[in-house]
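Notes for the one structure printed next.
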Amino acid sequence: MLAIRLPEDIDQRLTALAERTGRTKTFYAREAILVHLEDLEDYYLAAEAYDEFMESGEAARPLDEVESRLDLAD
């Protein structure tokens, strides 16, 4: 179970949307979470991977070198 507090203006917008469409506020809150959860996961996993790379001291490679090495170059 999840309980969240929203700023009054956001709650009013959510209430208005729910009333106009005949859906519940919970429906729209769930939809918003589902839509954005993958993006948030991607962002934080990428940030973690970047930090690990920077701490490793490993040298970066230019994209054209990587593409050539993997036979992806045009």
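Going letter by letter, the sequence shown gives residues 73 to 146 in my numbering. For glycine and all other residues, C-beta sits at the position ideal for the given N, C-alpha and C.
Per DSSP, the unbroken alpha helix (DSSP H) holding A121 starts and ends at 97–128. Look at L86 here: in three-state DSSP terms it is helix. A Cβ-Cβ distance of about 11 Å is found for the pair Y100 and L78, leaving them out of contact under the 8 Å criterion. Nearest to A104 by C-alpha distance, out of A145, I82, R133, is I82.
Beyond the five residues adjoining it in sequence on each side, T98 comes within less than 6 Å, by CB distance, of no other residue in the same chain.
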